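*Asks:* In the numbering used here, the protein residues as written are 27 to 297.
Using N, Cα and C, we set each Cβ at its ideal position, and we do this for glycine too.
In this text, all values refer to a predicted model and were calculated from it rather than measured experimentally.
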Amino acid sequence: MKILYILAAIFAAFILIGWIGLNIQPKSFSMPTLQKTDPKTVSLPGGLPAPVERFYRTVYGDQIPVIETAVFIGRGKIRPFGVWLPARFVFVHNAGKDYRHYIEATFLGLPFLKVNEGYLEGESFFESPMGTFHDDPNTNQGANLAVWAEAGWFPSIWLTDSRVRWQAVDENTALLFVPFEDQVENFVVRFNPQTGLIDTMEAMRYREAGEGKSKILWITRNEPGNTLPDMKISAVSSATWLDQGSPWAYFSLEETVYNVDVSEYIRARGQ
């Protein structure tokens, strides 16, 4: 009986340590010092679908900033194995073309799972303890969608990039068409009828590398929380695969910078 008590105490201690470890938030990464360029603006174009025009007038007004690059730093949580893990991240964008993600899942505030992934010059890469892929056709398609979905944190690119177009659906919905190789992909963009801001973006995306896989509906949502500086856009976003029924990741931006030289930084690994 004494042995059972000891084993129960050890088990309880492991549970407590695990709970504490998964509830300690990591320290955020530091924003790198990168050379900035002078901001430019263009006038809001005419002929946009009604909910799209309302969105841009709410976020920017009549003048639309030209965003060429962006760096985002923040924290959140991810669920790669069915258990929520605290995380910190750096996202780097060459707007409408390339991106790089570096994500660290942590325990007791210390990194134990590191992910480098992105999309450079039309080729995706994914490097982690769970596997490594490079230039897989499925992950290329998914990564290209990420380029355009994450532009929700700098949505002016959906107007200033001539390859992108909007199509009306109804008073609170529009289709967003974006380029991919020699094809065109599209998102269903749903706008909040009260605020005019984007609630969700939906697209058919490959989740897995390799042949014989099917696309799954991928949903990104702007969650309640803080907003980006000088904009009404939510700083908190989630990502969900329809067949899983609930988000697998939440990302909360804490620091942002636009129009900086990321030519080398976007090709790096790690922070």
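Residue range of the beta strand (DSSP E) that Gln193 falls in?
*Replies:* Arg191 to Asp196
*Asks:* Just the Cα atoms here: how many angstroms apart are Asn198 and Phe217?
*Replies:* 5 Å
*Asks:* DSSP three-state call for Arg83: helix, strand or coil?
*Replies:* helix
*Asks:* Considering Cα atoms alone, identify which of Ile129, Leu185, Asp225 and Leu279 is closest to Phe203.
*Replies:* A check of alpha carbon separations from Phe203 across Ile129, Leu185, Asp225 and Leu279 identifies Leu185 as the nearest.
*Asks:* Please state the DSSP three-state secondary structure of Gln209.
*Replies:* strand
*Asks:* Return the chain-ordered list of same chain residues with a C-beta closer than 6 Å to the C-beta of Pro137, the five sequence neighbours on each side being excluded.
*Replies:* Glu130
*Asks:* Grab me the residues of Met257's own chain with a C-beta within less than 7 Å of its C-beta, minus the 5 sequence neighbours each way, in chain order.
*Replies:* Val85
*Asks:* Quick check: Phe55 and Arg126, are their CB atoms within less than 8 Å of each other?
*Replies:* Their beta carbons are not under 8 Å apart, which means Phe55 does not touch Arg126 by this criterion.
*Asks:* Tell me, to the nearest whole angstrom, how far the beta carbon of Val249 is from that of Ala229; I am working on the premise that it is less than 8 Å.
*Replies:* Residue identity check: residue 249 is Glu in the sequence provided, not Val. Actually they do not touch by this definition, with Cβ atoms about 18 Å apart.
*Asks:* Between which two residues does the alpha helix (DSSP H) carrying Val173 extend?
*Replies:* Pro163 to Ala175 is the span of the alpha helix (DSSP H), which, as asked, contains Val173.
*Asks:* So the candidates are Glu149, Pro273, Gly157 and Tyr284; which of them puts its Cα closest to the Cα of Lys140?
*Replies:* Gly157
*Asks:* According to the neighbour-count rule (16 or more other Cβ atoms, all chains shown, within 10 Å of its Cβ), is Val173 buried or exposed?
*Replies:* buried
*Asks:* Between which two residues does the alpha helix (DSSP H) holding Leu185 run?
*Replies:* For Leu185, the uninterrupted alpha helix (DSSP H) segment begins and ends at Ile183 to Thr186.
*Asks:* Taking DSSP as the reference, what is the three-state secondary structure of Trp110?
*Replies:* coil
*Asks:* Among the residues of its own chain, which have a CB less than 6 Å from the CB of Thr266, if the five just before and after it don't count?
*Replies:* Excluding residues up to 5 positions away in sequence, Ile245 and Pro273 lie with their Cβ nearer than 6 Å to the Cβ of Thr266 in the same chain.
*Asks:* Exposed or buried, which one is Thr221 when buried takes at least 16 other CB atoms within 10 Å?
*Replies:* exposed
*Asks:* For Asn248, which beta-bridge partners are listed by DSSP?
*Replies:* Ser263
*Asks:* Could you pull the start and end residues of the beta strand (DSSP E) that Gly236 belongs to?
*Replies:* First-last for Gly236: undefined, no H or E at that position.
*Asks:* If you run the structure through DSSP and keep just helix, strand and coil, what is Asp287?
*Replies:* coil
*Asks:* Kindly identify the DSSP beta-bridge partner or partners of Asn218.
*Replies:* Answer is none; Asn218 lacks a bridge partner.
*Asks:* Let me confirm a value: Gly122 is counted as buried when at least 16 other C-beta atoms fall within 10 Å, else exposed. Which label applies?
*Replies:* When all chains shown are included, Gly122 counts as buried.
*Asks:* Would a C-beta distance cut-off of 8 Å place Phe81 and Trp179 closer than the cut-off?
*Replies:* no
*Asks:* Under a Cβ-count criterion, where at least 16 other Cβ atoms within 10 Å of its own Cβ denotes burial, should Glu143 be classed as buried or exposed?
*Replies:* buried
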